[in-house]
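**Student:** In the working numbering, the protein residues as written are 44 to 667. Quick reminder that beta carbons are idealized off the backbone N, C-alpha and C, glycines included. Below you will find the structure I want to go over with you.
The structure is reproduced here in structure tokens:
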């Protein structure tokens, strides 16, 4: 009986155990099924396997070039190589493997094996970047030696082949590894930039790429290239002559701009002191705290008071509108009193005219502050404001550069309903109390040179593969100019008004304050050394000197003994082809007047450009 009950109980236990086993197996099977189909789990192991045996890379799309107008290169992209070490794999090979790699790589870093060995011994990284900037030939040599744990990776780096004379502040700089940009590189970034592609490959057990396994998923897309309006020969001339003036007069900074007055193309834009944009790419333009050493382009970033270069702009507009007559005479005594202020001539010995007064042409030729102050006070607030605004002096030019400055009116001008203090009105007549950029001044002189039309400065000649724009003319030839000024350009001065102003500016050079702006080539062409008007007009410029004060940094008054020396003009006098502006801030050596500091630099720039335009056949007296 007991045995029978025991057997029965045993069968029950077996059934329970078997049922539990079946339930456990079913649960395990179900759990494994769900694990197998759980994307979080399968994705993890799939990625692990993929990362172990498969690799991917994202080749950069090549950034477009920045070119001179003739196609020579200002900025380009080089294909370089970096060497990366897997120190775990290398250490597995022992000290012999380390020394072999040190010996090989020292051939490419100037033989500095001590530094290589120190860095390798101090690292356990599987991705130690040990060398960079190697040419493709060096990378091939390293790959052929087939050291375990040594990988060469290609990368793209920006390069500026004309760094010493290639308008660095205008072209700017770019690096894919640094966030700062400047100049055209920043303004045209979206057009210049390339887009990365995607490639996949298989790895072996040592994590090296298997030959023949590379597959392209998507191609990289190169950026578009920008052909600028800059002329390489004229840019070089400006760089050299501007630097010569820097060395002679030791100013804070200088700028030289050359424009085509008919289409606004900027042929040269030079500033000093300059810099090498390759230093930025290499990380050499950062201070100890990692901050970028400030670099700006004075042509578009700096606001300066124009001084006497503003005088012909106001006088030309006023006579053209009939507000004053060109024969009207103004008393030009040594100084005049306005309230508690005195307005004086620039030099103590400067006195022109007599009690009958001086006509406008002579006021411009002799650069009389008193005469222009009287003209401004006669015109009044609204007309002076209209005159300067008509040249675009208080609005950005729209040139294709970032952070362009805009001319500023003095605080007393900002409210048009507010009456200006009389002294502010008088000062405006000789270019004091308001500011503009050097490029704005150059654009204003284009109006006088081209017959009265406003032109917008531009640095863009052509964008590679650009869609055609309606009404736009592409200029491909080096010296082609566009004369169709009636399609959209705003008329500022009449032709008669321009001819009158052009005569004033010619007189400034041959018989006024601008004699030092006469090029040597013109002097050689004189029929009579006693008559400065007897030379070949193809080599004679026209323009105006300027000596402005530099505003104090706190905005209150002016810096003591700090002046802006400038010369703005164009040449040839009979057929203007080039507008040139030269400025130096705070010259500390020699004189500080615009005619003495900027005038000779203007003369040398015009002289050298004349050989580009007219060749060597020059000394033909009085050719008309």
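So is residue 571 buried or exposed if we call it buried at 16+ other beta carbons inside 10 Å?
**Tutor:** For the purposes of this step, residue 571 is identified with residue 528 of the chain shown, where counting begins at 1. So residue 571 counts as exposed.
**Student:** So residue 158 packs on residue 125, CB below 8 Å; how close in whole Å?
**Tutor:** Translated into positions along the chain shown, residue 158 becomes position 115. Translated into positions along the chain shown, residue 125 becomes position 82. So it is not a contact: roughly 16 Å between Cβ atoms.
**Student:** What three-state label does DSSP hand residue 440 in the structure shown?
**Tutor:** Taking the first residue of the chain shown as position 1, residue 440 is located at position 397. Correct three-state label for residue 440: coil.
**Student:** Check residue 203 in the structure and name its three-state DSSP category.
**Tutor:** Numbered from its first residue, the chain shown carries residue 203 at position 160. Here residue 203 sits in coil by DSSP.
**Student:** In the structure shown, what three-state DSSP assignment does residue 632 receive?
**Tutor:** Residue numbering aside, residue 632 sits at position 589 when the chain shown is read from its first letter. DSSP places residue 632 in coil when its eight states are reduced to three.
**Student:** What residues in its chain sit with their C-beta under 6 Å from that of residue 510, if we drop five residues either side in the sequence?
**Tutor:** In the chain shown, the residue the question calls residue 510 occupies position 467. Residue confidence is low: residue 510 scores 37 on pLDDT, short of 50, so the model does not pin down where it sits. No coordinate-derived value is stated.
**Student:** Which residues mark the beginning and the end of the alpha helix (DSSP H) in which residue 547 is found?
**Tutor:** Within the chain shown, numbered from 1, the residue matching residue 547 stands at position 504. Start and end: 538-554.
**Student:** Tell me which residues share the same chain as residue 364 and place their Cβ nearer than 6 Å to its Cβ, disregarding the 5 neighbours each side in the sequence.
**Tutor:** Counted from its first residue, the chain shown places residue 364 at position 321. Contacts found: none.
**Student:** So residue 293 packs on residue 643, CB below 8 Å; how close in whole Å?
**Tutor:** In the chain shown, the residue the question calls residue 293 occupies position 250. In the chain shown, the residue the question calls residue 643 occupies position 600. Not a contact, Cβ separation roughly 15 Å.
**Student:** Would you list the one or two residues that DSSP bridges to residue 312?
**Tutor:** Here the question's residue 312 lines up with position 269 in the chain shown. Paired residue(s): 300.
**Student:** Short check: CB of residue 115 to CB of residue 320, under 7 Å?
**Tutor:** The residue given as residue 115 occupies position 72 in the chain shown. The residue given as residue 320 occupies position 277 in the chain shown. Result no, Cβ atoms of residue 115 and residue 320 do not sit closer than 7 Å.
**Student:** What residues in its chain sit with their C-beta under 7 Å from that of residue 237, if we drop five residues either side in the sequence?
**Tutor:** Taking the first residue of the chain shown as 1, we reach residue 237 at position 194. Hits under 7 Å: 103, 104, 105, 106, 263, 264, 265 and 266.
**Student:** Assuming residue 400 contacts residue 373 under a Cβ cut-off of 8 Å, what Cβ separation, rounded to an integer in Å, is found between them?
**Tutor:** Mapped onto the chain shown, residue 400 falls at position 357. Mapped onto the chain shown, residue 373 falls at position 330. Right, the Cβ-Cβ distance comes to about 5 Å (below 8 Å), so this counts as a contact.
**Student:** Restricting to Cα atoms, I'd like to know which of 361, 552 and 573 is closest to residue 425.
**Tutor:** As a working mapping, residue 425 is identified with position 382 in the chain shown. Minimum Cα distance to residue 425 is reached at 361.
**Student:** Does the beta-carbon distance from residue 649 to residue 584 come in below 7 Å?
**Tutor:** The sequence position of residue 649 within the chain shown is 606, counting from 1. The sequence position of residue 584 within the chain shown is 541, counting from 1. For residue 649 and residue 584, yes; Cβs fall inside 7 Å.
**Student:** Mind checking who residue 380 pairs with in its DSSP beta bridge?
**Tutor:** Taking the first residue of the chain shown as position 1, residue 380 is located at position 337. Residue 380 is bridged to 385.
**Student:** Could you pull out every unbroken alpha helix (DSSP H) segment of at least 4 residues lying fully inside the region 109-185, listed in chain order?
**Tutor:** Taking only runs of at least 4 residues, the alpha helix (DSSP H) segments lying wholly in the region 109-185 are 130-135, 137-148 and 156-164.
**Student:** Is the beta carbon of residue 669 less than 7 Å from the beta carbon of residue 485?
**Tutor:** Lying outside 44 to 667, the shown extent of the chain, residue 669 is not represented and no answer is given.
**Student:** Would you mind sorting residue 405 into buried or exposed? The rule is 16 or more other CB atoms within 10 Å of its CB.
**Tutor:** As a first step, residue 405 must be located in the chain shown, where it is residue number 362. Answer is buried; the Cβ neighbour count reaches 16.
**Student:** Taking the straight line between their C-alpha atoms, what separation do you get for residue 542 and residue 494?
**Tutor:** By 1-based counting over the chain shown, the position of residue 542 is 499. By 1-based counting over the chain shown, the position of residue 494 is 451. Their Cα atoms are separated by approximately 8 Å.
**Student:** Who are the Cβ neighbours of residue 414 in its own chain at under 7 Å, not counting the five residues just before and after it?
**Tutor:** In the chain shown, residue 414 corresponds to position 371, counting from 1. Excluding positions up to five away in sequence, the list reads 373, 375, 401 and 406.
**Student:** What residues are listed by DSSP as bridge partners for residue 592?
**Tutor:** Stepping through the chain shown from its first residue, residue 592 is reached at position 549. BP columns for residue 592 point to 606.
**Student:** Whose C-beta lies closer than 8 Å to the C-beta of residue 16 among residues of the same chain, with five residues either side of it excluded?
**Tutor:** Any answer about residue 16 is impossible in this case: the structure gives the chain only from 44 up to 667.
**Student:** Where are the beta strand (DSSP E) runs, 3 residues long or more, that stay fully inside the region 333-374, in chain order?
**Tutor:** Complete beta strand (DSSP E) runs here, min 3: none at all.
**Student:** Going along the chain, which residues of its own chain have a beta-carbon closer than 6 Å to the beta-carbon of residue 284, five neighbours each way excluded?
**Tutor:** Locating residue 284 in the chain shown gives position 241, where the first residue counts as 1. Closer than 6 Å at the Cβ level, and outside the excluded window around residue 284, lie 644, 647 and 648.
**Student:** From 451, 614, 205 and 416, pick the residue whose C-alpha is nearest to that of residue 23; which is it?
**Tutor:** Outside the displayed range of the chain (44 to 667) lies residue 23, so it cannot be described from this structure.
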